[in-house]
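To start, the structure itself, in structure tokens.
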Amino acid sequence: VTPDRLHEHMSQTAESIKSAPVVAELARRHGVEMPIVEAVVAVLSGSIGIEELAPQLLGRRLKHEGH
-17 VTPDRLHEHM
-7 SQTAESIKSA
3 PVVAELARRH
13 GVEMPIVEAV
23 VAVLSGSIGI
33 EELAPQLLGR
43 RLKHEGH
């Protein structure tokens, strides 16, 4: 499913379709890891299927994320 097809069939706004790639790029530029945003971008771009999403996110190594 492409973002354009999603948009054609939706009656509501889905902000992440347009904002996720921008947010992911900003995060990369600033060295911030945002795995959920990266996963959304990958699904929207067709790089991965929705069925691969959970294993990809849950398979990440745990690490301290506090300041």
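Residue numbers for the sequence shown, in the working numbering: -17 to 49. C-beta: ideal position from N, C-alpha, C; glycine also.
Query	Result
A9 beta carbon less than 9 Å from that of E15	yes
First through last residue of the alpha helix (DSSP H) which encompasses S29	No alpha helix (DSSP H) holds S29; DSSP gives it neither H nor E.
I(-1) to R(-13) span [Cα, whole Å]	11 Å
Cβ shell of E23 (< 6 Å), same chain only, five flanking positions each side left out	Correcting the residue type first, residue 23 is Val in the shown sequence and not Glu. So the list reads A2, P3, A6, once near-sequence residues are dropped.
L44, DSSP secondary structure in three states	coil
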